[in-house]
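Numbering (mature numbering (1 follows the signal peptide of the UniProt record, and there is no 0)) for the sequence shown: -49 to -1, 1 to 430.
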Amino acid sequence: MNATPQSSPSGVPGRRTAPQTGRRRAASLLTAVALTSGALVVAAAPAQAVVPVTCVTPGFATAVAHPVGANPRGLVTADLNGDGEGDLVTADSGAGALSVLLGTGTGSFQPATTVPSGVRPVQIAKGDFNGDGDTDLAVANDSVDDISVLLGNGDGTFQPAVTRVVTGNPSGVVAGDFDGDGDTDLVVTGSEISNNLIVTTTTAYVTVLEGAGDGTFTPGPALSLGSGTISSPALGDFDEDGRTDLAAVRGGSMIGMPSGSAFILPGAGGGAFRAPVTLSSAPGVMRVAVGDLDGDGHDDLVATEFMGIGLSVLPGNGDGTFDTPTIYPAGTPRSDLAVGDVTADGRTDVVVATGNTPGTLSVFAGAGGGTLRPAIGYGTGNTPTQPVLSDFNGDGKADMATADYLSGTVSVLLNTCTGPVLTPVNPPAAPAPKPVPTAKPKPVPAAKPKPAPKVKLTPKAKAKVTVKKLKKVRGGGIA
């Protein structure tokens, strides 16, 4: 199969590099996860470039609301029309459609356009499914056993949605290469409800759809995880074996909200997974995300908890195990989250959406060593979900956006982080003064001797020859 062009570890699309293993692969997967969630990825600065410094005053402007369809549940950011600006797409679960907002590069967006998708869309994954360089979308449709695939045209529009049957009602979808053939595959999490006269049973499933590299997918056998639900899929390489692992939330519900425990499905290669590993964390996990919070090159896991317990950080050891989680109290229920550097200090921060009315995006700034500072909240619309991070106005700082479920809007919060005057790394030395040239004396030209006058030759007079007329004398003499 032909490999789908992906962003290389060097950050240059299309550049081929040697296969990666171990910690190098983990780092590249973290980058892929950041891109999938919309997190801002900043390339390394050249030797003479200006390097970001810690914000003296981190902050965000007041949220600006952009109308979309009814009950937006999912949100992704990508460049959909190839203009280099960040665009937004929402999964409007109450409208059975997607809303596409094309960015202007100034932090504003064009009015949303509606794209039909499927019944009750709840989450979106992005990737290049057919290798044409344009962003394509996969949408998890709750309440029906299928997903929708929409191939991008590269101008902000999409081809008609094509549905793919999966096992269980989808709760989430992620894109990655799970069988190692270079083509983008999809993993769908979902739950199937069985009813009889006495008992209602819910079974959790994971379905892998292998991509052919041309935009089509073949569903493989569904992996049953037993009773309960499954949600919030996220990708990483937690044991650093070069295979993609799946993190998710498994459990039942608490006051009608999905709640359970975090677990890992280690990748086995060929699109398969090994037995699930349940992780020790605070009770009532709702969502998980992957990032390197302590800067050791290993994938860590971040989980939000229900009932106001807050946020858990599980440091990864790089061998598939995790250290004891650190819990950060929050005081209000936490749901969807994103990881990225919103304070421009090179440390990973965590942004969490709270399901309040009005809602809040809480920023837990990284403090180094895997620790987080107390949260600072910024107002959004009602019931924010699926926060994403991207630079929407081209100032080099990560802005935030979230889908407001009850408001039917997208809230965009531009980063107002300010810092000290930035100085170049290894500034070039001041140029040496130019030497003053010494005046050169003009040479005195030597006198040129006058040439001797030419002697004009007088032409000789033509000799006059007197021709005597010979007279012939009688007798033969000369007279």
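Every residue, glycine too, gets a C-beta built ideally from N, C-alpha and C. Small disclaimer: the values here were computed from a predicted structure and weren't measured.
Under 9 Å between the Cβ atoms of Val73 and Phe109? In this structure, Phe109 does not lie closer than 9 Å to Val73 by Cβ.
Drop a sphere of 10 angstroms on the beta-carbon of Thr169, count the other beta-carbons inside from all chains shown, and report buried for 16 or more, exposed for fewer. exposed
Taking the CB atoms as reference points, tell me whether Leu49 and Phe60 lie closer together than 9 Å. no
If you compare alpha carbons, which of Gly242, Thr369, Gly332, Gly235 is closest to Asn307? Gly332
Can you have a look at Gly211 and say buried or exposed, based on whether 16 or more other CB atoms are within 10 angstroms of its CB? Only buried fits Gly211, as 16 or more other CB atoms lie within 10 angstroms of its CB.
Are the CB atoms of Phe129 and Gly222 within a distance shorter than 9 Å? Taking a C-beta distance under 9 Å as the contact criterion, Gly222 and Phe129 qualify as a contact pair.
From Val361, Asp300, Lys348, pick the residue whose C-alpha is nearest to that of Gly330; which is it? Val361
Hey, out of Ala326, Asn366, Thr336, Ala352, whose CA is closest to Gly345's CA? With distances taken between CA atoms, Gly345 lies nearest to Asn366 out of Ala326, Asn366, Thr336, Ala352.
For residue 437 versus Arg238, is the C-beta spacing smaller than 9 Å? This structure cannot speak to residue 437, because the chain is shown only from -49 to 430.
Would you mind sorting Asp292 into buried or exposed? The rule is 16 or more other CB atoms within 10 Å of its CB. The residue is buried, with at least 16 neighbouring Cβ atoms inside 10 Å.
Start and end residues, beta strand (DSSP E) containing Thr153: 151 to 162
Within 9 Å, strictly: CB atoms of Ala240 and Val290: yes
Simplified DSSP state of Pro(-4), which is helix, strand or coil: Confidence is the limiting factor: at Pro(-4) the pLDDT is only 35, short of 50, which leaves the residue's position unreliable, though a coordinate-based value still follows. Reduced to three states, the DSSP call for Pro(-4) is coil.
For residue 433, which residues of its own chain have a beta-carbon under 6 Å away from its beta-carbon, when the five flanking residues on both sides are left out? In the structure as shown, the chain starts at -49 and stops at 430, and residue 433 therefore has no counterpart that could be examined.
Alpha-carbon to alpha-carbon, Asp355 and Val55: Note on identity: in this sequence residue 55 is Thr, with Val being the wrong assignment. C-alpha separation (whole angstroms): 21 Å.
Proximity of Val27 and Leu101 at Cβ, strictly below 9 Å: no
Extract the residue ranges of the beta strand (DSSP E) inside the segment 269 to 342, only unbroken runs of 3 or more that lie entirely within it. 277 to 279, 288 to 291, 300 to 305, 311 to 315, 317 to 319, 327 to 330, 335 to 341
For residue 474, which beta-bridge partners are listed by DSSP? The chain is shown from -49 up to 430; residue 474 falls before or after that span and cannot be answered.
In angstroms, rounded to a whole number, what distance separates the CA positions of Val236 and Val301? Note on geometry: alpha-carbon atoms of Val236 and Val301 lie some 16 Å from one another.
Please classify Gly82 as buried or exposed, where buried requires at least 16 neighbouring CB atoms within 10 angstroms. buried
Near Asp190, what residues of its chain come up, given a Cβ to Cβ distance below 8 Å and the 5 sequence neighbours on each side ignored? Asp196, Pro217, Gly269, Asp270, Gly271
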